[in-house]
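Each residue of the sequence shown is one higher than the one before, counting from 0 in numbering that gives the first Met the number 0. All C-beta atoms, glycine included, are put in the ideal place defined by N, C-alpha and C. These figures come from a predicted structure and were not determined experimentally. To start, the structure itself, in C-alpha coordinates.
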Amino acid sequence: MTSVPDPAAEPPVLIAVRSAPGLGALFLTCLKIGLMSFGGGLSGWLYQEFVLRNRWISDEDFASSLAISQMLPGANVVNLVICMGDDLRGLAGSIACVLGFLVGPFFAVIALSAVFDALPDVAMLEAASNGVAYAALGLLLVICLKGVQRAMKFPPGLAVIAAVATAVGVLKLPLIPVVFVAAPISVALAWRRS
0 MTSVPDPAAE PPVLIAVRSA PGLGALFLTC LKIGLMSFGG GLSGWLYQEF VLRNRWISDE
60 DFASSLAISQ MLPGANVVNL VICMGDDLRG LAGSIACVLG FLVGPFFAVI ALSAVFDALP
120 DVAMLEAASN GVAYAALGLL LVICLKGVQR AMKFPPGLAV IAAVATAVGV LKLPLIPVVF
180 VAAPISVALA WRRS
(Lines of atoms letter the chains of each structure in order from A; the text may use other names.)
(Lines give C-alpha, C1' and ligand atoms only; values in the text may rest on other atoms or scores of the structure.)
Protein backbone atom coordinates (compact mmCIF):
# COMPACT_ATOMS: atom_id res chain seq x y z
CA MET A 0 0.00 0.00 0.00
CA THR A 1 1.43 3.38 -0.95
CA SER A 2 1.53 5.94 1.83
CA VAL A 3 -0.43 9.17 1.59
CA PRO A 4 0.96 12.43 2.97
CA ASP A 5 -0.64 13.47 6.25
CA PRO A 6 -3.09 16.29 5.38
CA ALA A 7 -3.55 17.00 9.11
CA ALA A 8 0.15 17.91 9.39
CA GLU A 9 0.05 20.40 6.55
CA PRO A 10 -1.19 24.00 6.80
CA PRO A 11 -4.44 24.84 5.03
CA VAL A 12 -4.06 24.88 1.28
CA LEU A 13 -3.88 28.49 0.14
CA ILE A 14 -2.58 27.95 -3.38
CA ALA A 15 -4.62 29.03 -6.35
CA VAL A 16 -7.02 26.48 -7.76
CA ARG A 17 -6.27 25.48 -11.35
CA SER A 18 -8.87 25.40 -14.08
CA ALA A 19 -11.22 22.42 -14.20
CA PRO A 20 -9.68 19.24 -15.63
CA GLY A 21 -10.95 17.34 -18.64
CA LEU A 22 -13.18 14.30 -18.28
CA GLY A 23 -10.31 11.97 -19.15
CA ALA A 24 -8.15 13.42 -16.38
CA LEU A 25 -10.99 12.98 -13.87
CA PHE A 26 -11.54 9.38 -15.00
CA LEU A 27 -7.84 8.45 -14.88
CA THR A 28 -7.26 10.11 -11.51
CA CYS A 29 -10.23 8.31 -9.97
CA LEU A 30 -9.19 5.04 -11.63
CA LYS A 31 -5.72 5.36 -10.10
CA ILE A 32 -7.15 6.08 -6.65
CA GLY A 33 -9.67 3.26 -6.91
CA LEU A 34 -6.99 0.77 -7.91
CA MET A 35 -4.25 1.85 -5.51
CA SER A 36 -6.19 2.44 -2.30
CA PHE A 37 -6.76 -1.05 -1.00
CA GLY A 38 -8.61 -1.27 2.30
CA GLY A 39 -9.81 2.28 2.60
CA GLY A 40 -8.26 5.65 3.16
CA LEU A 41 -9.89 6.84 -0.02
CA SER A 42 -10.80 10.27 1.34
CA GLY A 43 -7.11 10.85 2.01
CA TRP A 44 -6.18 9.84 -1.53
CA LEU A 45 -8.90 12.05 -2.98
CA TYR A 46 -7.68 14.98 -0.89
CA GLN A 47 -4.11 14.36 -2.01
CA GLU A 48 -4.99 14.23 -5.72
CA PHE A 49 -7.81 16.78 -6.04
CA VAL A 50 -6.57 19.43 -3.57
CA LEU A 51 -2.82 19.09 -3.06
CA ARG A 52 -1.42 17.57 -6.24
CA ASN A 53 -3.71 18.77 -9.05
CA ARG A 54 -5.22 21.81 -7.28
CA TRP A 55 -8.56 21.23 -8.96
CA ILE A 56 -10.56 22.21 -5.88
CA SER A 57 -9.81 24.19 -2.73
CA ASP A 58 -9.42 22.79 0.76
CA GLU A 59 -12.74 24.40 1.72
CA ASP A 60 -14.57 22.92 -1.26
CA PHE A 61 -13.18 19.48 -0.42
CA ALA A 62 -14.37 19.81 3.19
CA SER A 63 -17.83 20.90 2.01
CA SER A 64 -18.07 18.02 -0.47
CA LEU A 65 -16.91 15.58 2.20
CA ALA A 66 -19.53 16.85 4.65
CA ILE A 67 -22.30 16.58 2.04
CA SER A 68 -21.16 13.12 0.97
CA GLN A 69 -21.30 11.85 4.54
CA MET A 70 -24.87 13.05 5.00
CA LEU A 71 -26.17 11.30 1.90
CA PRO A 72 -27.12 7.63 1.77
CA GLY A 73 -24.66 5.29 0.08
CA ALA A 74 -20.90 4.93 0.14
CA ASN A 75 -19.34 8.18 1.34
CA VAL A 76 -16.39 8.13 -1.05
CA VAL A 77 -18.62 7.43 -4.05
CA ASN A 78 -20.79 10.36 -2.97
CA LEU A 79 -17.61 12.42 -2.60
CA VAL A 80 -16.38 11.75 -6.15
CA ILE A 81 -19.89 12.50 -7.43
CA CYS A 82 -19.86 15.87 -5.63
CA MET A 83 -16.38 16.80 -6.80
CA GLY A 84 -17.02 15.61 -10.36
CA ASP A 85 -20.20 17.68 -10.46
CA ASP A 86 -18.41 20.75 -9.10
CA LEU A 87 -15.71 20.44 -11.75
CA ARG A 88 -17.58 19.26 -14.88
CA GLY A 89 -21.26 18.85 -14.04
CA LEU A 90 -23.08 15.58 -14.66
CA ALA A 91 -20.44 14.35 -17.11
CA GLY A 92 -17.76 14.97 -14.47
CA SER A 93 -19.71 12.98 -11.91
CA ILE A 94 -20.09 10.08 -14.33
CA ALA A 95 -16.39 10.16 -15.27
CA CYS A 96 -15.35 10.16 -11.61
CA VAL A 97 -17.71 7.36 -10.58
CA LEU A 98 -16.80 5.14 -13.53
CA GLY A 99 -13.09 5.69 -12.99
CA PHE A 100 -13.41 5.14 -9.28
CA LEU A 101 -15.45 1.92 -9.47
CA VAL A 102 -14.39 0.05 -12.63
CA GLY A 103 -10.97 -1.03 -11.32
CA PRO A 104 -12.13 -2.16 -7.88
CA PHE A 105 -15.10 -3.95 -9.48
CA PHE A 106 -12.81 -6.28 -11.39
CA ALA A 107 -10.28 -6.48 -8.54
CA VAL A 108 -12.97 -7.67 -6.11
CA ILE A 109 -14.14 -10.32 -8.56
CA ALA A 110 -10.55 -11.56 -8.94
CA LEU A 111 -9.86 -11.51 -5.18
CA SER A 112 -13.11 -13.33 -4.51
CA ALA A 113 -12.02 -16.07 -6.89
CA VAL A 114 -8.64 -16.33 -5.10
CA PHE A 115 -10.27 -16.48 -1.65
CA ASP A 116 -12.72 -19.14 -2.89
CA ALA A 117 -9.90 -21.20 -4.40
CA LEU A 118 -7.69 -20.92 -1.28
CA PRO A 119 -10.09 -20.73 1.69
CA ASP A 120 -7.70 -21.93 4.43
CA VAL A 121 -4.54 -19.95 3.67
CA ALA A 122 -3.56 -18.04 6.83
CA MET A 123 -1.49 -15.53 4.85
CA LEU A 124 -4.59 -14.25 3.05
CA GLU A 125 -6.32 -13.52 6.36
CA ALA A 126 -3.20 -11.83 7.74
CA ALA A 127 -2.87 -9.68 4.61
CA SER A 128 -6.53 -8.71 4.84
CA ASN A 129 -6.13 -7.66 8.48
CA GLY A 130 -2.95 -5.72 7.74
CA VAL A 131 -4.62 -3.73 4.98
CA ALA A 132 -7.55 -2.97 7.30
CA TYR A 133 -5.23 -1.55 9.97
CA ALA A 134 -3.48 0.68 7.44
CA ALA A 135 -6.86 1.92 6.18
CA LEU A 136 -7.93 2.79 9.72
CA GLY A 137 -4.77 4.86 10.06
CA LEU A 138 -5.62 6.85 6.93
CA LEU A 139 -9.18 7.34 8.19
CA LEU A 140 -7.79 8.66 11.46
CA VAL A 141 -5.73 11.25 9.55
CA ILE A 142 -8.86 12.56 7.82
CA CYS A 143 -10.76 12.63 11.12
CA LEU A 144 -7.97 14.62 12.77
CA LYS A 145 -7.98 17.06 9.84
CA GLY A 146 -11.73 17.55 10.34
CA VAL A 147 -11.32 18.13 14.07
CA GLN A 148 -8.56 20.67 13.38
CA ARG A 149 -10.93 22.57 11.09
CA ALA A 150 -13.72 22.36 13.68
CA MET A 151 -11.46 23.74 16.42
CA LYS A 152 -11.61 27.09 14.61
CA PHE A 153 -15.40 27.05 15.17
CA PRO A 154 -16.32 25.82 18.70
CA PRO A 155 -20.01 25.15 17.87
CA GLY A 156 -18.84 22.76 15.13
CA LEU A 157 -16.59 21.00 17.63
CA ALA A 158 -19.58 20.72 19.98
CA VAL A 159 -21.61 19.02 17.23
CA ILE A 160 -18.76 16.56 16.59
CA ALA A 161 -18.53 15.77 20.31
CA ALA A 162 -22.32 15.40 20.64
CA VAL A 163 -22.60 13.04 17.66
CA ALA A 164 -19.58 10.99 18.79
CA THR A 165 -21.06 10.69 22.28
CA ALA A 166 -24.56 9.87 21.06
CA VAL A 167 -23.47 7.18 18.60
CA GLY A 168 -20.20 5.93 20.10
CA VAL A 169 -20.93 6.05 23.83
CA LEU A 170 -24.70 6.04 24.21
CA LYS A 171 -25.14 3.65 21.24
CA LEU A 172 -28.02 5.68 19.80
CA PRO A 173 -28.97 4.79 16.22
CA LEU A 174 -26.98 6.74 13.63
CA ILE A 175 -29.86 7.83 11.37
CA PRO A 176 -31.92 9.66 14.03
CA VAL A 177 -28.75 11.26 15.41
CA VAL A 178 -27.84 12.54 11.94
CA PHE A 179 -31.40 13.80 11.34
CA VAL A 180 -31.14 15.85 14.55
CA ALA A 181 -27.49 16.92 14.30
CA ALA A 182 -27.34 17.79 10.59
CA PRO A 183 -29.89 20.64 10.66
CA ILE A 184 -28.31 22.03 13.82
CA SER A 185 -24.85 21.88 12.26
CA VAL A 186 -26.06 23.47 9.02
CA ALA A 187 -27.81 26.26 10.95
CA LEU A 188 -24.67 26.95 12.98
CA ALA A 189 -22.48 27.04 9.87
CA TRP A 190 -25.02 29.22 8.05
CA ARG A 191 -25.16 31.63 10.97
CA ARG A 192 -21.36 31.78 11.02
CA SER A 193 -21.15 32.73 7.35
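Cutoff 7 Å; reference residue i; Cβ partners in own chain excluding five residues on either side
{"i": "Ala91", "result": "Leu22"}
{"i": "Thr1", "result": "Note on Thr1: pLDDT 48, under 50, position unreliable in the model; no value is reported."}
{"i": "Leu118", "result": "Leu124"}
Same chain, Cβ closer than 6 Å to residue i, five either side skipped, listed in chain order
{"i": "Asn78", "result": "Ser68 and Leu71"}
{"i": "Gly103", "result": "Leu30, Gly33 and Leu34"}
{"i": "Ala187", "result": "none"}
{"i": "Ile142", "result": "Ser42 and Gly43"}
{"i": "Pro20", "result": "Trp55"}
{"i": "Ala150", "result": "Gly156, Leu157 and Ile160"}
{"i": "Val12", "result": "Since pLDDT at Val12 reaches only 46, below the 50 mark, its modelled position is unreliable, and the value read off the structure follows with that caveat. Excluding residues within five positions, the ones whose Cβ falls inside 6 Å are Val50 and Asp58."}
{"i": "Ser185", "result": "Val159"}
Residue i versus the options, residue with shortest Cα-Cα distance
{"i": "Gly40", "options": "Ala24, Val76 and Val167", "result": "Val76"}
{"i": "Gly43", "options": "Val108, Asp120 and Gly146", "result": "Gly146"}
{"i": "Ile56", "options": "Val16, Thr165, Phe106 and Val80", "result": "Val16"}
{"i": "Asn53", "options": "Val169, Tyr133, Leu138 and Thr28", "result": "Thr28"}
{"i": "Gln148", "options": "Ala24, Leu51, Glu59 and Ser18", "result": "Glu59"}
Nearest-angstrom Cβ-Cβ length linking residue i and residue j, presumed shorter than 8 Å
{"i": "Ala95", "j": "Phe26", "result": "4 Å"}
Contacts around residue i, its chain only, beta-carbon distance under 8 Å, and the 5 residues preceding and following it disregarded
{"i": "Val114", "result": "Leu124"}
{"i": "Leu45", "result": "Ile32, Phe61, Val76, Leu79, Val80 and Met83"}
{"i": "Val177", "result": "Val163, Ala166 and Val167"}
{"i": "Leu101", "result": "Gly33 and Val77"}
Beta-carbon proximity check, residue i vs residue j, cutoff 8 Å
{"i": "Gly99", "j": "Ser93", "result": "no"}
{"i": "Ala181", "j": "Ala158", "result": "no"}
{"i": "Ile109", "j": "Val97", "result": "no"}
{"i": "Leu172", "j": "Ala164", "result": "no"}
{"i": "Asp86", "j": "Ser64", "result": "yes"}
{"i": "Arg191", "j": "Phe153", "result": "no"}
Proximity test, residue i beta-carbon vs the ligand COA heavy atom, cut-off 7 Å
{"i": "Ala110", "result": "With respect to the ligand COA, the structure offers nothing, as it holds no ligand at all."}
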